[in-house]
Amino acid sequence: MALPKRILIVDDDRDVHGLLRAALDAPDRNIESAYDGLSGLRMVENTPFDVVLTGLRLPGMDGMTLLERIHEVRPDTRVVMMTAANTPDNIVRAIRERAFCFFSKPFTVEAVAEMAERALSGTDAEDDIQVLSARPEWLGLRVRCKMETAGRIVQFIRELGMELPHAEQERVTTAFREILLNAIEHGAGSDPDKRVFITYVRSKRAALYYVRDPGKGFSFEHLEHAAVSNPQDSPVEHAEVREKLGMRPGGFGIMMTRQLVDDLIYNEHGNEVLLIKYMDPK
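Mapping of the sequence shown onto the working numbering: position 258 corresponds to residue 280, and the numbering continues sequentially without gaps.
This is the structure:
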């Protein structure tokens with residue numbers, strides 16, 4: 023019989039505890055609570071937990087220090103960060119310190135619970151996300167080609183777009199997600215032994231999102247299965263091609279992405295892409 027999964031919630035807001043407990047409660051789980059960072063650390067030192075959900079601003083010890091200390095004593099424990107103190111420095115530091123994911127308040131309990139479920143599944147490896155550069159202005163990552171890992175990366179990227187109006191933040195996040203999934207699914211063939219390279223650059227006037235996959239690339243002239251290649255008088259022709267090839271419904275990724283960002287630029291081979299979102303200078 024499998025041992026129950028152990029979850030620790032560390033936050034000084036009792037309402038957060040109640041909401042997360044309700045969302046994550048199951049017969050095969052033990053959920054415990056701590057209301058300050060030092061108490062949370064002592065509990066982790068005494069008992070291994072599969073997942074820790076922690077706030078950032080905590081009495082006794084801040085959540086970022088708690089994240090570091092947890093990984094010193096329990097390297098395999100997955101830590102999900104929740105905070106109202108969302109800054110680029112905090113997000114990048116969380117990535118560098120191997121946080122499983124990062125959510126800004128107000129967040130939906132469902133989104134945090136879904137990410138906690140992924141963390142509990144235990145399918146991630148320590149090297150799924152390798153940090154090549156960890157600065158708020160320049161984040162470089164080498165990422166294993168797994169859909170589970172893609173979900174974590176997309177959430178980090180969403181948080182880095184915090185300075186944008188919410189609608190724009192979601193548009194850019196959706197565009198990045200489409201490009202990343204294309205890189206994993208088509209460029210890498212969903213092979214978890216392969217990697218994609220991701221770079222996020224933030225200047226005063228623009229945010230740039232670069233993705234390079236390990237594939238041979240593609241030509242727009244040979245994308246009959248994608249909506250971007252449809253003739254003007256036949257807007258769903260690609261759907262028939264996909265059906266004949268036995269592909270899943272879809273094929274709107276590139277066309278949709280072009281509508282969501284200011285610039286979408288591919289290299290000659292089609293295995294490197296740059297998304298650009300221009301900002302109002304401050």
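The beta carbon of each residue, even a glycine, is placed where N, CA and C say it ideally should be. Remember, predicted model here, so these are calculated numbers, not experimental data.
Have a look at the DSSP bridge pairing and note the partners of S155.
DSSP lists G162 as the bridge partner or partners of S155.
F178 in three-state terms, based on DSSP
Of the three classes helix, strand and coil, the one that applies to F178 here is helix, per DSSP.
Taking only three categories from DSSP, how would you classify F198?
Note: F198 maps to helix in three-state DSSP.
In angstroms, rounded to a whole number, what distance separates the CA positions of M277 and L46?
Using only the alpha carbons, I get a separation of about 37 Å.
When you compare the stretch 113-129 with the stretch 83-101, are there three or more beta-carbon pairs, one atom per stretch, that lie closer than 8 Å?
Counting Cβ pairs under 8 Å, three or more are found: they touch.
Can you find at least 3 beta carbon pairs, one from the stretch 182-191 and one from the stretch 132-152, that sit closer than 8 Å?
Fewer than three beta-carbon pairs drawn from the stretch 182-191 and the stretch 132-152 are found closer than 8 Å, and the two stretches are therefore not classed as touching.
For V131, report the span of its alpha helix (DSSP H) as first-last.
Here the alpha helix (DSSP H) through V131 covers 131-143.
Looking at the strands, I want to know which residues DSSP matches up with A56.
Beta-bridge pairing links A56 to V32.
Looking only at DSSP bridge pairs, what is A228 linked to?
Y300, per the DSSP bridge assignment.
Is the number of C-beta pairs between the stretch 190-198 and the stretch 152-172 that are closer than 8 Å three or more?
Segment contact: the stretch 190-198 against the stretch 152-172, fewer than three CB-CB distances shorter than 8 Å; contact not assigned.
Selected residue, minimal CA-CA separation from V66, among H93, A229, F219
Comparing alpha carbon positions, the residue from H93, A229, F219 closest to V66 is H93.
Is the beta carbon of G59 closer than 8 Å to that of T105?
No.
Sheet register partners of E294 (DSSP bridge):
Partner(s): R234.
Cβ pair F219, Q177 closer than 8 Å
No.
Run of the beta strand (DSSP E) containing R100, from where it starts to where it stops
First-last of the beta strand (DSSP E) with R100: 100-105.
If you draw a straight line from the alpha carbon of R51 to that of I31, how long is it in whole angstroms?
Straight-line Cα distance between these residues: approximately 13 Å.
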